[in-house]
Amino acid sequence: MKHIYLCRHGESEYNAKKIVQGHIDTDLTENGILQAKKLGHFLKDKGIKKVISSDLKRAFKTAQIVAEILKVNHEVDPRIREMHFGTWEGLSYDWIYQNAKEHFDNWLANPVKHPLPKQESIESFEKRLRLFFEDVRNHNEDNILVVGHGGSIQGLLCIAMDLSMEYLWKFRHNNTGLSLILSDKNNTNVKFINMAYHLENSLEGGIITL
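With the sequence shown counted from 1, adding 26 to any position gets you this note's numbering.
What follows is the structure, given as structure tokens:
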């Protein structure tokens, strides 16, 4: 049985400032670096043999820190980049709440039906994630950590559970929140979503066990 751990990157500069990122390449904060270190030490006994991350700095550096602690190889795959959020990238959430709250709420409720202006198409986003997921399922290593972004990790969960991308934002993934997919040739099951026992403080949203 293959264990595929999914992890969102540590806190980034724009996370801390509450600004929409997407493909904007912001770095980790000091807190984000600490979160990544805690995650790495938590995963020491999980038998992880490889770490794969997005090429964006916040995911790349999170993965690099974890891989160094685990003493395993770290590969980069741009297919697990965050979704491109179009003209909303670089906007603060405060501005969005004040000027485009209805559109934002509709997008969260159904991103397929209510896309953002000039965002990456849902079809393109889903296609690259599906191709990545199939490659990971067929990988020769049985225990793999994937470090991505809120959108890309939640998109992979939708794929693993055979859900439409309409459900993309129904999940919550905190910084370095961890999910686990169990997979073999015949079945794929999600064991838990957004586990964060490695962090000292309890997190809003919390772990979802399945």
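Ideal placement from N, C-alpha and C gives every residue a C-beta, glycine not left out.
In this structure, what does DSSP give as the bridge partners for M221? On the sequence shown, residue 221 is found 195 positions in, with the first residue counted as 1. Partner(s): L204.
Taking C-alpha atoms, which residue in Y119, W114, Y223, K153 lies nearest to Q145? The sequence position of residue 145 within the sequence shown is 119, counting from 1. Comparing C-alpha distances from Q145 to each of Y119, W114, Y223, K153 shows the shortest one belongs to W114.
Taking 9 Å as the threshold (C-beta atoms), are V92 and L171 in contact? In the sequence shown, residue 171 corresponds to position 145, counting from 1. In the sequence shown, residue 92 corresponds to position 66, counting from 1. Result yes, Cβ atoms of L171 and V92 sit closer than 9 Å.
Coarse secondary structure for K97, derived from DSSP in three states: Taking the sequence shown and counting its residues from 1, one reaches residue 97 at position 71. Correct three-state label for K97: coil.
Only counting runs of 4 or more residues, tell me where the alpha helix (DSSP H) segments fall wholly within the segment 37-115, in order along the chain. Fully enclosed alpha helix (DSSP H) runs of 4 or longer: 39-43, 56-68, 83-96.
Taking the straight line between their C-alpha atoms, what separation do you get for Q90 and A135? Counted from its first residue, the sequence shown places residue 90 at position 64. Counted from its first residue, the sequence shown places residue 135 at position 109. Going by the C-alpha atoms only, they are around 34 Å apart.
Note down, in chain order, each residue of its chain lying with its Cβ closer than 7 Å to the Cβ of F111, except the 5 sequence neighbours on either side. Taking the sequence shown and counting its residues from 1, one reaches residue 111 at position 85. These residues qualify, in order along the chain: V46, G48, L142, Q145.
Simplified DSSP assignment, three categories, for N169: Stepping through the sequence shown from its first residue, residue 169 is reached at position 143. DSSP places N169 within a strand segment (E or B) once states are collapsed to three.
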